[in-house]
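J.: Chains as they are written, first to last, in this note's numbering: chain A, 45 to 181; chain B, 11 to 188. A virtual CB, placed ideally from N, CA and C, is assigned to each residue, including glycine. In this text, all values refer to a predicted model and were calculated from it rather than measured experimentally. Got a structure for you, written out below as structure tokens; questions coming shortly.
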């Protein structure tokens, strides 16, 4: 009897318990369902690759299996299907989550140095280079 | 070669400064929270069916009836949501009106959750595809929004409500009513 109990215990330890699912709901209709029109699906896919998954922040929503990423893909696909422009959908999300949600940087009040600094550095390099060339000749 | 070559020292200084900045930023704890950019804006339009047999659903109109409210975004499958339940009760006892949105949840699971952990909510909307959650800039559960009597979001609390957050949320509610 003791042996049987320890056997059961050993087996129950070895059998991996299913990891508790985050939820038991089926994914949103368009989370894993491609759009029928290949052109629209390509548009949606391009956009999804440049939107950040908010649950798994170093992945795009196209790469993530998190339920929330699925819900975001559903938003993207259903809005593309309804005729919205990809950039309008990005703007809709940025309005809610800030620039952070987008992997494609846009010029805004907080991001302008990203664009200004390289131009400034190039200008300085050009200036230094030109003045050295002048001195040499 | 006379004097100090200032140009070189400036480069050394700038480089040292940059590395100092990297060292500082890399040792700072990373803030994992994504704050909603909707704070200060009007609640978007939505109309959710009831998530539980015990309470009616939730629509935008319910949030603009003149009384400031807490909007709790929760789910029965979310463990911190169970942990914050006593503090939601405490907020309700102190006069807070609390409505909720249940994310990706089945009514029977919501009912079971409310039976175990209490039901401080006056309305519970059912959001199966996180649509309302996305439209208010919430990125997880639990989150709690303060909505003023005109349906404008005035504050966002990310994560579970703990004992120390209760007075802060009551104060936010009071300010939203003013």
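Check the Cβ of residue 47 of chain B against every Cβ in chain A and list those closer than 7 Å, keeping chain order.
T.: 139, 140, 141 and 142
J.: Taking the CB atoms as reference points, tell me whether residue 133 of chain B and residue 61 of chain B lie closer together than 7 Å.
T.: It is not a contact, given that the beta carbons lie outside the stated cut-off.
J.: Can you list, in chain order, the residues of its chain with a C-beta nearer than 6 Å to that of residue 66 of chain B? Leave out the 5 residues immediately preceding and following it.
T.: 60 and 133
J.: How do the stretch 106-118 of chain A and the stretch 167-174 of chain B stand: do at least 3 beta-carbon pairs fall below 8 Å, yes or no?
T.: no
J.: Looking at the strands, I want to know which residues DSSP matches up with residue 68 of chain B.
T.: B:58
J.: My parser needs the alpha helix (DSSP H) runs of 4 or more residues fully inside the stretch 103-172 of chain A; what are they?
T.: 111-125 and 130-141
J.: Give every residue of the same chain whose Cβ lies closer than 6 Å to the Cβ of residue 49 of chain B, excluding the five residues on either side of it in the sequence, and list them in chain order.
T.: 163 and 166
J.: Between residue 219 of chain B and chain A, is there a C-beta pair that is closer than 7 Å?
T.: This structure cannot speak to residue 219 of chain B, because chain B is shown only from 11 to 188.
J.: Here's the rule I'm using: 16 or more other beta-carbon atoms within 10 Å means buried, otherwise exposed. How should residue 72 of chain A be labelled?
T.: Looking at its Cβ environment, which holds 16 or more other Cβ atoms inside 10 Å, residue 72 of chain A is buried.
J.: Does the stretch 38-56 of chain B come close enough to the stretch 141-156 of chain B to have 3 or more Cβ pairs within less than 8 Å?
T.: yes
J.: Taking a Cβ distance cut-off of 8 Å, strictly less, list which residues of the stretch 12-37 of chain B are near chain A, in chain order.
T.: none
J.: Using the beta-carbon of each residue, which ones in chain B are nearer than 7 Å to residue 72 of chain A?
T.: 139
J.: Quick one: Cα of residue 112 of chain B to Cα of residue 79 of chain B, how far?
T.: 16 Å
J.: At the level of alpha carbons, what is the spacing between residue 30 of chain B and residue 165 of chain A?
T.: Between residue 30 of chain B and residue 165 of chain A, the C-alpha separation is close to 21 Å.
J.: Any Cβ of chain A within less than 7 Å of the Cβ of residue 114 of chain B?
T.: It does: the Cβ of residue 114 of chain B has a partner Cβ on chain A nearer than 7 Å.
J.: Does the distance from the C-beta atom of residue 85 of chain A to that of residue 130 of chain A stay below 7 Å?
T.: no
J.: For chain B, find out if any of its Cβ atoms is closer than 7 Å to the Cβ of residue 164 of chain A; answer yes or no.
T.: no
J.: Taking DSSP's pairing of strands, which residues face residue 112 of chain B in a bridge?
T.: B:84 and B:136
J.: Contact defined as beta carbons within less than 8 Å: I believe residue 152 of chain B pairs with residue 104 of chain B. What is the distance between those atoms, to the nearest angstrom?
T.: No, residue 152 of chain B and residue 104 of chain B are not in contact; Cβ-Cβ is about 19 Å, not under 8 Å.
J.: Please report the straight-line C-alpha distance between residue 17 of chain B and residue 27 of chain B, rounded to a whole angstrom.
T.: Distance between the alpha carbons of residue 17 of chain B and residue 27 of chain B: 15 Å.
J.: Tell me which residues share the same chain as residue 122 of chain A and place their Cβ nearer than 6 Å to its Cβ, disregarding the 5 neighbours each side in the sequence.
T.: Setting aside the 5 residues that flank it on each side, residue 122 of chain A is surrounded in the same chain by 74, each with a C-beta closer than 6 Å to its C-beta; the list follows chain order.
J.: Using only the alpha-carbon positions, how far apart do residue 4 of chain B and residue 127 of chain A sit?
T.: Residue 4 of chain B is absent from the structure shown; chain B starts at 11 and stops at 188.
J.: Pick from B:25, B:63 and B:92: whose alpha carbon is nearest that of residue 169 of chain B?
T.: Ranked by Cα distance from residue 169 of chain B, the first of B:25, B:63 and B:92 is B:92.
J.: Using CA coordinates, which residue listed in B:131, B:101 and B:179 is at the minimum distance from residue 63 of chain B?
T.: Looking at the Cα atoms, B:131 is the closest of the given residues.
J.: Express the C-alpha separation of residue 140 of chain B and residue 113 of chain A in angstroms, rounding to a whole number.
T.: About 10 Å.
J.: Could you tell me whether the Cβ atoms of residue 68 of chain B and residue 161 of chain B are closer together than 7 Å?
T.: Cβ distance not < 7 Å, so residue 68 of chain B and residue 161 of chain B don't count as in contact.
J.: So, is the C-beta of residue 92 of chain A closer than 7 Å to a C-beta in chain B?
T.: no
J.: Taking 7 Å as the threshold (C-beta atoms), are residue 87 of chain B and residue 115 of chain A in contact?
T.: Contact: no.
J.: Using the Cα positions of residue 170 of chain A and residue 178 of chain A, report the straight-line distance between them to the nearest angstrom.
T.: For residue 170 of chain A and residue 178 of chain A, the distance between alpha carbons rounds to 12 Å.
J.: Using a beta-carbon distance below 7 Å, is residue 147 of chain B in contact with chain A?
T.: With a threshold of 7 Å between beta carbons, residue 147 of chain B makes contact with chain A.
J.: Using three-state DSSP, classify residue 32 of chain B as helix, strand or coil.
T.: Residue state, collapsed to three classes: helix.
J.: So, does the CB of residue 151 of chain B fall closer than 7 Å to a CB anywhere in chain A?
T.: no
J.: When the Cα atoms are used, what is the spatial distance from residue 102 of chain A to residue 35 of chain B?
T.: 18 Å
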